[in-house]
Each structure stands twice: as structure tokens, then as C-alpha cells.
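Student:
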Amino acid sequence: MDVQYGSQIKMRHTLTGFHLHSHPINYKHPNSSQQQQVTCFNNGAGGDDNDFWIVKSVNVSNPRDNELQAVKDGDMLRFEHILTQKNLHSHPGIPSPITGQQEVTCFGFSGSGDSNDLWKIEIEGGGIWNDSKRVRLIHVNTGFALHSHGGQLMNDLTAFQQEVTCFSGRDENDLWQVFNISFVGVKVPEGLGRNGNNPQPVRAEQTNQVAGGTMTTKVTVSPDGQLTAETHTRTKVDLKGFTGSVIVVIYNQEGRAHISGKHSFGVNGQLIPGGPSDRKDTWQESVPLEISSKANRVAIVHSHDPNVRVNAEDVINLIRIAIILTA
5 MDVQYGSQIK
15 MRHTLTGFHL
25 HSHPINYKHP
35 NSSQQQQVTC
45 FNNGAGGDDN
55 DFWIVKSVNV
65 SNPRDNELQA
75 VKDGDMLRFE
85 HILTQKNLHS
95 HPGIPSPITG
105 QQEVTCFGFS
115 GSGDSNDLWK
125 IEIEGGGIWN
135 DSKRVRLIHV
145 NTGFALHSHG
155 GQLMNDLTAF
165 QQEVTCFSGR
175 DENDLWQVFN
185 ISFVGVKVPE
195 GLGRNGNNPQ
205 PVRAEQTNQV
215 AGGTMTTKVT
225 VSPDGQLTAE
235 THTRTKVDLK
245 GFTGSVIVVI
255 YNQEGRAHIS
265 GKHSFGVNGQ
275 LIPGGPSDRK
285 DTWQESVPLE
295 ISSKANRVAI
305 VHSHDPNVRV
315 NAEDVINLIR
325 IAIILTA
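Now the structure itself:
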């Protein structure tokens, strides 16, 4: 699956299998920045919600603005930690807690930060970033690589988790692999949406590259409580099938939300006349009237992860990048 700007991702340290992780605990070791800790953590194969990051362009604060643009070798990025809304960050001259290498933190709030939040991606084999390629993340201001290492002491200076640093050299401990890629946000055709004084059905549409194919979901939410959707699943590569999942979150004017069920659709990749395999599936759900009658935002999540879910914390974070559906 390709990584696009606006993707919600997790990253795995390839040598140890631990996940890039942050949490609302600040460093307290001598000469630290006292900023938020970044570690590697092993909480099972899927990890936990503190492992989620949003991939952002260096020039765009809202990930929807770069929707459908794939991340390529040599791009400069920001990574926002979803649950704390701080950016992945490093800075020269400040030691990490265990090895004394360059400290890595989370810094800023809600997308704001500074130039020490910038990272350049080096993709093995070049091309577009996807879940089959290992990458290095190079801190732009210092040239050091995002790094972790097994076999080091784990103590309360890192919340008993594996240290993450920036390292001046290059070795296998600098390599990372993305997984659990999802997409958030929608595009709304011009002229569609909700006028608060004259309620009309809300219509929204989103397309994302997912695994070896493409998913497009069109959503209509009627004021009387009906969600109707069509998900179009198609492959780019003949004879390579895939299955993707979609979840829709609908918000009302008070910020309350309804989370749809997870709907999974797939194609088998068989060659058909005129092009690759594709299918369209329609699905419906009921939406509480207190949500549908005042709906003004929608977020759509497309994912290749069969276990993708949206919980209460995700709802709070998704509303920041859900489209405002006003005519």
C-alpha cells in the first residue's frame, strides 16, 4: 500500500520489531529538553493508539490539502503524533537519555512547530513509499538519521521502553517500515453539502490508493437519518487482488459523532475485457437523528488493515481534518 500525504500510519523498527511511539510524558534526564518522550514500544503485533502518526507536507498544515499525493524518495515531511498533536522533532546538542546520542522528542501543538520538525525520507530502491520498502528518516537540520537499538538499558528515563535517537552514522538500526496505513478526510464536489437554514442531504466523496488498487467511497447522509454509500474497489495490477475496508464518521454542529460499521470489499484481480478487475458495492446504515439532522462534517477512513477501527480518541482527532460540509 502506498503512503500518501494525510495518511495515518504506524512505523516498525526493522531490526527489533518495536513500533515508533510517543506518550504524554516528558524527558527528565540530565541536560534534556524536557520535551515529550519518543520511544519504541512492543505492545503486541498491532501496537496501540500511541503508535499512530499523520504524514504531512512541510508546506501544508492540513493533510487534506495534499490528498492523493504519494510520498516519494527525497520528500521532506512532518510527522504529527495523533493523540498528543505534537510533531516528531530533534535538535542538536541535547543528549538522548540512555546512549547520549541526539535526543528525539515530540514538540509543538496541533501542527505548529519549527524547522527541527522536518525530516527527509530515503526510500530503499527509490520511488514511492509503500509498506514493502524500508526507509531512513533523516533529520533535515542536522543530517542525523532516526535510530533505535536493541540491547540497551530500559529504565524510567524512557518509561522502560526502547530508546529512540538521531544518529550521525548510518547502519541497519536506522531502517523503518510502515504498516497499518489508513486515510482520513474527504473531498466534496462543488455545490454539495448542507445549508443549515434549508437542510439537504450531505454528499461527500473520497478516493485513495489502497494496497495494489484504488478505493472510492461516495456518501449521502439524509436529514431523516439514512447513510447511503457506494464503495468502488478496483485494481491497478491485473491478477493481483486485494481487500480494503471503509469506515465513515459523521459529526453534527455540536461535535457529537456517529461511527459507521466497518465495511470490507475486495477484488480478485482477474483480467477482464477493457481493464483490471473492479466492483461497486452499495451499503446503508441508520444514523441517529440528532447527528443526521445537523450534520456538518464527515471523515472517511480507507484502510488495507482488516482490523481497522475508529475509537473515541480517533473521533476527537479526526474532526480536525474532517471536511466542513457547508454550502
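Each residue of the sequence shown is one higher than the one before, starting from 5 at the first, in this note's numbering.
Positions of the beta carbon are idealized from the N, C-alpha and C atoms, including for glycine.
Quick caveat, the model's predicted, so the values are computed rather than measured.
In whole angstroms, give me the CA-to-CA distance for G78 and I127.
Tutor: Roughly 8 Å separates the two Cα atoms.
Student: Report buried or exposed for F171, applying the criterion of at least 16 other Cβ atoms within 10 angstroms of its Cβ.
Tutor: Answer is buried; the Cβ neighbour count reaches 16.
Student: What separation, rounded to the nearest whole angstrom, lies between the Cα atoms of K90 and D309?
Tutor: C-alpha separation (whole angstroms): 25 Å.
Student: Identify the residues that DSSP records as bridge partners of Y31: which are they?
Tutor: Its beta-bridge partners do not exist; DSSP assigns none.
Student: So for I3, helix, strand or coil by DSSP?
Tutor: Because residue 3 is not part of the residues shown, which for the chain are 5 to 331, the question remains open.
Student: Determine contact between the stretch 82-96 and the stretch 120-139, defined as no fewer than three beta-carbon pairs at a distance below 8 Å.
Tutor: Yes, they touch.
Student: Quick one: any contact between the stretch 133-140 and the stretch 156-166, if contact means 3 or more CB pairs under 8 Å?
Tutor: Not touching, per the Cβ criterion.
Student: Use the C-beta contact count for N30: other C-beta atoms within 10 angstroms, 16 or more gives buried, fewer gives exposed.
Tutor: Flag for N30 reads exposed.
Student: Within the stretch 145-173, note down every full beta strand (DSSP E) run reaching 3 residues or more, in order along the chain.
Tutor: Entirely contained in the stretch 145-173, the beta strand (DSSP E) runs reaching 3 residues are, in chain order, 149-152, 166-171.
Student: Keeping to the same chain, check which residues put their C-beta closer than 6 Å to that of G229; ignore five residues upstream and five downstream.
Tutor: Contacts found: S290, V291, L293, S296.
Student: For T235, list the residues DSSP reports as bridge partners.
Tutor: T221, D285, per the DSSP bridge assignment.
Student: Measure the C-alpha to C-alpha separation of P28 and L87 and round it to an integer number of angstroms.
Tutor: Near 9 Å, if we compare the C-alpha coordinates of L87 and P28.
Student: Within its chain, find whatever has a CB closer than 8 Å to the CB of I174; leave out the 5 residues flanking it on each side and keep chain order.
Tutor: Ile is not the amino acid found at residue 174; the sequence shown has Arg there. Here the set comprises R140, A149.
Student: Three-state secondary structure (DSSP) at D6?
Tutor: Strand at D6.
Student: Just to confirm the assignment: which complete beta strand (DSSP E) runs, minimum length 3, are found wholly within the stretch 39-104?
Tutor: The stretch 39-104 contains these whole beta strand (DSSP E) runs: 40-45, 57-61, 80-85, 90-99.
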